[in-house]
Structure formats: structure tokens, C-alpha cells
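In terms of our numbering, the sequence shown opens at residue 55 and continues consecutively. Yeah, the Cβ is synthetic: ideal placement off N, Cα and C, and Gly gets one too. Fair warning: this is a prediction, and the values are worked out from it, not measured in the lab. So the structure is just underneath, and the comments pick up after that.
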Amino acid sequence: RWVNYSPDKKEIANLKIVTFNIKAGTGRYDKVKKYLDSQNADIVFLQEFGDGKLSLNNLEGTNKTNVIKLYTKYKIINRKELLDGTNNDFFVAHSEQFDIEIKGKIYRLINAHLESFKFEKSMVKLNGNTTQDEEKLKDIIRKLFPTFKIHQEQVATIRKSIDESPYPVILAGDLNSVPNSYEYYHLGKNLNDAFFETGKGSGTSFHDYKYPLRIDFIFTSPSIKPITYKVDRSVKLSDHFPVISTFRLE
Numbered sequence: 055r056w057v058n059y060s061p062d063k064k065e066i067a068n069l070k071i072v073t074f075n076i077k078a079g080t081g082r083y084d085k086v087k088k089y090l091d092s093q094n095a096d097i098v099f100l101q102e103f104g105d106g107k108l109s110l111n112n113l114e115g116t117n118k119t120n121v122i123k124l125y126t127k128y129k130i131i132n133r134k135e136l137l138d139g140t141n142n143d144f145f146v147a148h149s150e151q152f153d154i155e156i157k158g159k160i161y162r163l164i165n166a167h168l169e170s171f172k173f174e175k176s177m178v179k180l181n182g183n184t185t186q187d188e189e190k191l192k193d194i195i196r197k198l199f200p201t202f203k204i205h206q207e208q209v210a211t212i213r214k215s216i217d218e219s220p221y222p223v224i225l226a227g228d229l230n231s232v233p234n235s236y237e238y239y240h241l242g243k244n245l246n247d248a249f250f251e252t253g254k255g256s257g258t259s260f261h262d263y264k265y266p267l268r269i270d271f272i273f274t275s276p277s278i279k280p281i282t283y284k285v286d287r288s289v290k291l292s293d294h295f296p297v298i299s300t301f302r303l304e
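Following this line, the structure appears as C-alpha cells:
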């Protein structure tokens, strides 16, 4: 589930989604805006937004928190906070659900940013000194377990929103978890992973470490059919690459 080769879909897409962890714009909100406007998406999920201002052409933005933002051209019928971490703290979890109307039908959108493992590159870089490297690995393991426990609680909250939804669901965001993880399987249960359905090549989206990771996802209910999926590695505006996917709504 890191690499995939799907045949081209014959159906014509009628919904375009972008999800992007912009790392507080890294001082480049103008460039983020230019890029997102060029995508002409119908819905944009952003994580680690920061305290900057960003208006997108033809899309209405939400402004409850500075960690996650949703932009959409569709009417928001209902909105609910699922995970409410400290505002402006990108290490903690935030998630919101939005029920929106598209051509007379209601869909539930969930923007998610799960708890960060709080790793710095220096913490995971081994230097060849056996004793020091062993201590680093032990420290990594000590940091992993508490966050895994927190993730279980966060996943349960988001999963409840999915299971209780009377509408088709689109879940997108930075899950701070890789494929084949507990988080991936529990959040993706009974949903389609857009990359697995239609992606080509590598799905890795986080590139700040030596080995890139796939931690940004788009999941949809079976009635929302993925048509295309792309990780845009030409965009160097964050430590994440934007993920762009199109869908067919019946």
C-alpha cells in the first residue's frame, strides 16, 4: 500500500479534492494560494495551517482553528468538532466533520490531523556508535507507545463519526500513521483508499526524513468512486507534498 499501479478509469470525474499539510505556510502563503488556485479544486483540506491568512478563488474557507482548514465551493449544512487540541499546536490532534450539499445530496467530510509523534530528524538519525544508537532506539520506542495509545482514542472518535454518518463519507488529512498501521485499517474500514484504488507509483507524501513516508490519505465511501490520484512532488512548499484526487459522484 506504499506503491500501486492501477489502470486508468474510463469514468469522467466530477469532483476534485486536494489535501495538503502546509506546515504553517512556511512563510509562503502567497505561493500556497497560487498553487491551490491553479488546481481549481472543489474541496481543499489543509492541515498545520498556522496564523496566516489565505483566501482561495471560488472557495469558502472555515476559520475555527489554525491547525486545520476546509475550503469548499459547496454549502455547509452542519459542522462539528471531533478532536479539539490546543489551538496553534501542530503536535496535537484536530479533526472536524462537515456535512455539505452537492447537487441536492448530502456528504460528510472529515478533515483529520492525528497526534504527531514529535520526532526531530536528529532523534532518528543513527551515527554508527552502537551505544548511542541503542539509546536513541530505546528513546524512540518510549516516545512511540504513548502516542499509539492517544491515536487509539482519536481513531475511535473519528470512527464513530464515520459509522454514525447517514451520508457518504470523505475522510482526508494527515494521519501521522503509515499504511498497514492500526490507524490506517481502523479508519479505512469499509472505505476506499483513493491511492489504492487508482494511484500509480509511490504514494509517499512526507519527505522530511531520509526515507519518505505515506501519511496523508483520502478515504471515501464506496459510492464515491476514485478516478485519479496524484502526489505532486513538484511542489516544495512544505515538508509534505499535496495529494490531489478526483472522483465520480453519481
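| Item | Value |
| --- | --- |
| Runs of alpha helix (DSSP H) lying entirely within the stretch 68 to 146, each at least 4 residues, in chain order | 83 to 93 |
| Euclidean distance between Cα positions of residue 71 and residue 99 | 8 Å |
| Residue 77, buried or exposed, once every other Cβ within 10 Å from all chains shown has been counted against 16 | buried |
| For residue 221, the first and last residue of its enclosing alpha helix (DSSP H) | First-last for residue 221: undefined, no H or E at that position. |
| Reference residue 135; option with closest CA among 157, 123 and 281 | 123 |
| CB of residue 304 within 8 Å of CB of residue 60, strictly | no |
| Residue 231 beta carbon less than 8 Å from that of residue 205 | yes |
| C-alpha gap between residue 245 and residue 84, whole angstroms | 34 Å |
| Residue 237 beta carbon less than 8 Å from that of residue 229 | yes |
| Close beta carbons around residue 286, own chain, < 8 Å, minus the five adjacent residues each side | 295, 296, 297 and 298 |
| Whole-number beta carbon distance between residue 280 and residue 330, since they are thought to touch under 8 Å | The requested residue 330 does not occur in the structure, where the chain is confined to residues 55 to 304. |
| Exposure of residue 57, with buried meaning 16 or more beta-carbon neighbours within 10 Å | exposed |
| Residue 105 to residue 119 span [Cα, whole Å] | 9 Å |
| DSSP-derived helix/strand/coil call for residue 233 | coil |
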